[in-house]
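Notes follow once the structure below has been shown.
Protein chains: 2
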Amino acid sequence: MAGEKGKAPNIRDVAALAGVSYQTVSRVLNDSESIKPTTRDKVLAAIEQLNYRPNQAARALATNRSRTIGVLSADAKAFYGPTTAITSIEQYAREAGYRISITNISSSDSASIKSGLDHLLSQSIEALVVIAPQVRVFDVIRDLSLSVPFVTLESTGRDPRHSLSVDQIAGARLATKHLIDLGHEEIMHISGPQDWIEAEARMQGFLDEINAADLRVRAPILGDWTAHFGYYAGLELLKFRDFSAVFAGNDQMALGFMHACREMGIDVPGEMSIVGFDDIPEAAHFWPPLTTIRQNFAEVGRRAISALLAELNGVTEDDHTPIRPELVVRETTARPA
Amino acid sequence: MAGEKGKAPNIRDVAALAGVSYQTVSRVLNDSESIKPTTRDKVLAAIEQLNYRPNQAARALATNRSRTIGVLSADAKAFYGPTTAITSIEQYAREAGYRISITNISSSDSASIKSGLDHLLSQSIEALVVIAPQVRVFDVIRDLSLSVPFVTLESTGRDPRHSLSVDQIAGARLATKHLIDLGHEEIMHISGPQDWIEAEARMQGFLDEINAADLRVRAPILGDWTAHFGYYAGLELLKFRDFSAVFAGNDQMALGFMHACREMGIDVPGEMSIVGFDDIPEAAHFWPPLTTIRQNFAEVGRRAISALLAELNGVTEDDHTPIRPELVVRETTARPA
DNA sequence: GCCCTTAATGTGTCCGTTCACATGATGGGA
DNA sequence: TCCCATCATGTGAACGGACACATTAAGGGC
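For the record, the sequence lines run as chains S and E. Numbering (this note's numbering) for the first sequence: 456 to 792. Numbering (this note's numbering) for the second sequence: 456 to 792.
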């Protein structure tokens with residue numbers, strides 16, 4: 456209401472109104488020690504009256520702390536996981552007095568990664584979360600020899616000090632083992648894009664388990680995470696019905712694959728078992744409800760911030776135990792015919 | 456590699472190395488007129504060598520421009536739309552040299568809205584995009600009498616100067632009319648939460664069309680956007696099979712409803728027609744593939760930034776024509792039995 | 001060769017905040 | 001009554017840039 460005109464009030468305006476020095480106001484803002492309650496109240500009243508907000512840019516400049524955490528995110532076509540993680544990151548960061556700055560990169564070539572990273576770095580971020588688990592991102596990061604703490608949300612153990620994630624390999628093994636335990640011997644894997652670490656890890660888990668059971672290894676199909684891909688891949692693959700189960704790299708591709716099954720007149724799970732990955736909220740309502748691997752994305756986000764804050768505060772946090780994924784059995788898997 | 460130690464280099468370090476004054480460096484950075492090419496190259500070389508990055512906080516302080524656009528986003532349970540819009544906003548903002556700062560609010564009570572807005576405002580954002588179309592957000596914004604340009608992504612025409620969106624009412628009418636044209640006379644609507652403007656608008660469109668056709672109006676069910684809700688609502692509603700078609704407020708609720716249909720042994724579309732809203736990428740692969748209303752979220756994001764930038768540059772942009780949604784007919788709708 | 005214009009570059013100040021240090025009140029012990 | 005610790009508050013600088021203005025070098029007309 457008041458002071459609607461001209462410049463925003465600054466700390467000296469507040470000081471003048473409260474009849475104290477600007478330093479006193481600063482002390483109140485940063486609730487330092489040794490402020491007489493009466494003065495504090497006066498200052499607070501002045502702040503209120505002027506609708507004063509501290510200028511973050513000035514504060515950042517003076518303290519040399521931006522209180523910003525950068526998030527580098529891949530332009531994923533499957534939204535659920537990354538979005539959940541980012542929301543959670545934002546929440547915990549804000550609670551800790553940080554803000555986040557997000558940059559999306561649309562392709563994984565190093566120029567675009569570099570430009571995204573540059574955009575972030577130029578904001579003097581204090582820490583970095585990378586949710587763009589494309590292999591190449593790591594090379595770029597290594598080249599830049601980042602001076603800020605960072606974590607990447609993945610789990611292949613390439614760089615265990617900086618990575619943090621649901622254990623993708625374990626999840627993939629869980630999924631594959633479930634199919635094997637049901638008696639399937641010819642299992643197909645529809646993977647995510649080759650340059651995604653998550654995709655690589657899930658494929659790894661799949662292969663590990665197949666080998667452990669001494670089954671025939673089939674070359675996985677490389678997809679792009681979308682339901683569309685799962686559908687078209689299904690149409691192709693199902694021309695030769697030489698497999699009885701599919702482990703899809705994510706729920707969307709599983710959905711597309713089921714669509715193809717229906718169109719080809721193949722019963723799920725009677726003639727074909729399917730397992731997805733992620734447990735997106737819709738998965739329980741697919742037809743049939745999808746058996747899948749649940750991962751706790753929000754927890755990943757929480758831990759990311761917690762790890763970064765610890766590092767910012769000089770504490771080394773050693774809780775790099777991967778978060779365990781969980782098999783959710785619904786109705787797309789059964790014993791082979 | 457070089458200068459790995461201590462403080463980040465500043466403009467004077469660059470100037471010293473290049474053998475010019477700091478002002479010359481500043482000119483190169485802002486590519487002002489009148490710089491001798493030789494000098495520019497020297498400066499550029501020094502920048503490169505020191506791996507210098509301008510300090511955004513200092514720049515913001517000096518220019519009184521944060522180059523930040525705030526995004527206030529609801530913690531939506533249905534991710535596709537908002538996420539797509541945000542990604543698009545980020546992209547276009549970055550192209551225009553702005554960064555975005557996102558704040559998620561998890562509930563729509565005014566305290567939480569206010570705190571989210573405060574968080575944003577304290578970063579001296581230059582403009583604001585609100586993707587939290589809860590009714591109450593508007594009241595808070597009005598109370599604060601914001602001094603920055605803002606747009607909200609909705610379309611009820613409450614505040615036409617500041618709103619921008621796919622025309623939700625038209626979309627809902629399209630969906631409803633499609634059902635009516637097929638011959639349905641008892642049509643149910645499962646709406647989004649009452650405090651969401653989008654939900655209100657879709658309901659409005661539904662009612663308009665029902666009235667226009669002189670059909671019986673049934674009280675819509677108030678949902679929460681999730682597939683779970685659609686499912687449980689379906690289980691309840693289908694006890695009384697006194698309707699032959701459903702218009703769901705979004706695709707997720709439609710999916711859950713279809714799940715319920717199947718469980719109750721009701722054939723879709725034979726005995727029950729269903730239309731969703733949004734056209735999420737998975738909708739084409741639901742079983743049966745979902746008839747729905749497509750809206751172009753990315754375009755909404757693009758226009759939001761474009762409108763804000765225009766306002767920041769003093770141009771008034773009058774292109775508030777709502778973006779037309781589109782009916783996508785797939786396989787969940789048919790003539791009533 | 002001189003003066004004036006203009007292109008190219010340099011100097012002082014300010015942006016709003018915090019930090020290190022300085023100063024002013026208050027009061028208790030001798 | 002004086003002094004010194006302690007609490008409370010004030011003062012000058014600095015952070016890293018941008019802007020307004022000042023200055024210097026180069027070029028053209030006479």
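Glycine included, every Cβ here is placed at the ideal spot set by N, Cα and C.
- Here Met-643(E) carries a strand assignment [DSSP, helix/strand/coil].
- Straight through space, the alpha carbons of Tyr-553(S) and Phe-698(E) are spaced by roughly 51 Å.
- For Gly-525(S), the uninterrupted beta strand (DSSP E) segment begins and ends at 523 to 529.
- The DSSP-derived three-state label of Phe-661(S) is helix.
- Taking the C-beta atoms as reference points, Asp-734(E) is found nearer than 8 Å to Arg-749(E).
- For Asp-564(S), the closest Cβ of chain E is not nearer than 8 Å.
- Comparing alpha carbon positions, the residue from Asn-559(E), Asn-485(E), Asp-530(E) closest to Thr-681(E) is Asp-530(E).
- A contact between stretches requires three or more CB pairs, one per stretch, nearer than 8 Å, and the region 703 to 717 of chain E fails this requirement with the region 750 to 769 of chain E.
- With respect to the 8 Å criterion, Val-606(S) and Ser-618(S) are classified as neighbours on the basis of their beta carbons.
- Identification of chain E residues near Asn-510(S) by a Cβ-Cβ cut-off of 8 Å yields Leu-516, Ser-579, ordered along the chain.
- Look at Tyr-535(E): its C-beta is under 8 Å from a C-beta on chain S.
- By the CB criterion at 8 Å, Ile-502(E) and Ser-528(E) fall outside the cutoff.
- Contact of Tyr-686(E) with chain S is assigned, a C-beta pair being separated by under 8 Å.
- Under the three-state reduction of DSSP, Ser-600(E) is assigned to coil, being neither helix nor strand.
- In the structure shown, the three-state DSSP call for Val-784(S) is coil.
- The alpha-carbon separation between Thr-542(E) and Tyr-535(E) amounts to approximately 11 Å.
- Ile-760(E) is positioned such that its CB atom lies no closer than 8 Å to that of Gly-704(E).
- Within the region 552 to 563 of chain S, the residues whose Cβ lies closer than 9 Å to some Cβ of chain E are Arg-554, Ile-555, Ser-556, Ile-557, Thr-558, Asn-559, Ser-561, listed in chain order.
- For Val-592(S), the secondary structure class from DSSP, reduced to helix, strand or coil, is helix.
- Gln-707(S) and Glu-737(E) do touch by the CB rule: their CB atoms are close to 6 Å apart, below 8 Å.
- In terms of beta-carbon proximity, Trp-680(E) stays away from the interface with chain S, with every pair separated by 8 Å or more.
- Note on geometry: alpha-carbon atoms of Ile-676(E) and Thr-771(S) lie some 51 Å from one another.
- Gln-750(E) has a beta carbon lying at 8 Å or more from every beta carbon in chain S.
- In this chain, the beta strand (DSSP E) harbouring Leu-583(E) covers 582 to 586.
- At a cut-off of 8 Å between beta carbons, Glu-786(S) makes no contact with chain E.
- Taking every protein chain shown into account, the CB of Thr-493(S) has fewer than 16 other CB atoms within 10 angstroms, so this residue is exposed.
- Pro-509(E) and Ala-463(E) have their alpha carbons spaced roughly 10 Å apart.
- Rounded to whole angstroms, the Cβ separation of Ile-555(E) and Ile-544(E) is 6 Å, and the two are in contact under 8 Å.
- Per the C-alpha coordinates, the member of Ala-548(E), Met-727(E), Ser-487(E) positioned closest to Arg-696(E) is Met-727(E).
- Within the same chain, Cβ atoms closer than 7 Å to the Cβ of Gly-571(E) are found at Leu-527, Thr-558, Ile-560, the five residues on either side in sequence being excluded.
- Per the coordinates, the alpha-carbon of Val-584(S) lies some 10 Å from the alpha-carbon of Ala-762(S).
- Inclusion of Pro-791(S) and His-574(S) in the CB contact set at 8 Å is not warranted, their separation being larger than that value.
- Note on Gln-478(E): under 16 other CB atoms within 10 angstroms of its CB, so exposed under the neighbour-count rule.
- Against chain E, the beta carbon of Ser-521(S) has neighbours under 7 Å at Ala-512, listed in chain order.
- Annotation note: the region 554 to 579 of chain E contains the following uninterrupted alpha helix (DSSP H) runs of length 4 or greater, listed N- to C-terminal: 565 to 576.
- Of all residues in the region 737 to 768 of chain S, those with a C-beta nearer than 8 Å to a C-beta of chain E are Glu-737, Ala-739, His-740, Phe-741, Trp-742, Pro-744, reading in chain order.
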